[in-house]
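For the sequence shown, this note's numbering assigns the number 21 to the initial residue and increments by one for each residue that follows. First up is the structure itself, then whatever we jot down about it.
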Amino acid sequence: MSPKQNTSMVISIPIQNLGRFSLITVTWTIMQSKPDPMETSCGFILLNFDSILLLQYPQGHWSFPKGHVEEGDSDHHYTAKRELKEETGISDVTIDNGWGERTEYTFTRKGRNVPKQVFWYLAKTGEIDVSLSHEHTNYLWLQIEDAEAQITFDQERELLISARKYLQSKGQIP
21 MSPKQNTSMV ISIPIQNLGR FSLITVTWTI MQSKPDPMET SCGFILLNFD
71 SILLLQYPQG HWSFPKGHVE EGDSDHHYTA KRELKEETGI SDVTIDNGWG
121 ERTEYTFTRK GRNVPKQVFW YLAKTGEIDV SLSHEHTNYL WLQIEDAEAQ
171 ITFDQERELL ISARKYLQSK GQIP
């Protein structure tokens, strides 16, 4: 929570001291707070034939390519494409508009809880070569089942399972 505004309340209270009345003034300051703004990111579950791209972060976890919405981004698809290119060098993608998900979580930055939402999309590419950005330490193209086992966070594993079921229902993967 971050401070929004302070509200002060002043109360004068009569008290008796040695037969004389005096007034004391007490001031309370009430901090009103509003929630920290929610960070928004966008990312892809990126499919190359039957392989999924995972990126490893310096902290060691494996995840899909994603990044923050920036001023000037026209929409969430634009953000996801921009971040994919920045993080991997891959720019030729086709977005499957039949599948999309939104996740929410909270993480800690500098001792503060930060709420975050991520808009996820399914995309396909014919590109296989990855040029990692400084934000990542490794990458893997994995079969979907292997990617499910490699992903660090359960929430993202559930996303991949959802995307796999969608692709199977469309006959795009076995």
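Think of the CB as a built atom: it goes at the ideal place given N, C-alpha and C, for glycine as much as any other residue. As the structure is a computational prediction, the values presented were derived from the model and not from experiment.
_Best match in N117, P57, Q170 for proximity to W82 [C-alpha to C-alpha]_ = The option with the nearest alpha carbon to W82 is Q170.
_For T128, count the other beta carbons within 10 Å of its own beta carbon; 16 or more makes it buried, fewer makes it exposed. Which is it?_
Classification for T128: exposed.
*asked:* Out of Q79, L75, R102, Q76, which one is the CA nearest neighbour of H88?
replied: Nearest Cα to H88 within the set Q79, L75, R102, Q76: R102.
*Starting from K144 and walking both ways along the beta strand (DSSP E), at which residues does that stretch end?*
Run containing K144: 132-145, per the beta strand (DSSP E) assignment.
*Determine which residues share a DSSP beta bridge with Y125 and list them.*
Paired residue(s): K136.
*So with Cβ pairs under 7 angstroms, would you call I110 a contact of chain C?*
Of the chains in the structure shown, none is chain C; there is only one protein chain.
*From H213 to P78, what distance separates their C-alpha atoms?*
With the chain running from 21 to 194 in the structure shown, residue 213 is simply not present.
*For G131 and I72, the rounded distance between their alpha carbons*: Straight-line Cα distance between these residues: approximately 34 angstroms.
*Just the C-alpha distance for T126 and V134, rounded to the nearest angstrom, thanks.*
Cα-Cα distance, rounded: 5 angstroms.
*For K190, which of helix, strand or coil comes out of DSSP?*
DSSP places K190 in the coil class of the three-state scheme, outside both helix and strand.
*Three-way DSSP call (helix, strand, coil) for H97 in this model*: In this structure, DSSP gives H97 a helical state, which the three-state scheme calls helix.
*Put Q76 into one of helix, strand or coil per three-state DSSP.*
In this structure, Q76 counts as strand in the three-state DSSP scheme.
*Which partner residues does N68 have in the DSSP bridge list?*
Paired residues: S71.
*Excluding five sequence neighbours on each side, which residues of the same chain lie with their C-beta closer than 7 angstroms to the C-beta of P85?*
Around P85: G63, F64, L66, L73, L75, E103, L104, E107, T108.
*For I110, name the three-state secondary structure that DSSP assigns.*
Here DSSP, grouped into helix, strand and coil, assigns I110 to coil.
*Give the secondary structure of M21 by DSSP, where H, G and I count as helix, E and B as strand, and everything else as coil.*
Because the pLDDT of M21 is 44, which lies under 50, any placement of that residue in the model is unreliable, and the question is left without a value.
*Whose C-beta lies closer than 7 angstroms to the C-beta of Q192 among residues of the same chain, with five residues either side of it excluded?*
So the list is empty, once near-sequence residues are dropped.
*Which residues in the same chain have their Cβ closer than 6 angstroms to the Cβ of E147, if we skip the five residues on either side of it in sequence?*
For E147, same chain residues with a beta-carbon under 6 angstroms away, outside a window of 5 residues either side, are I110, D112 in chain order.
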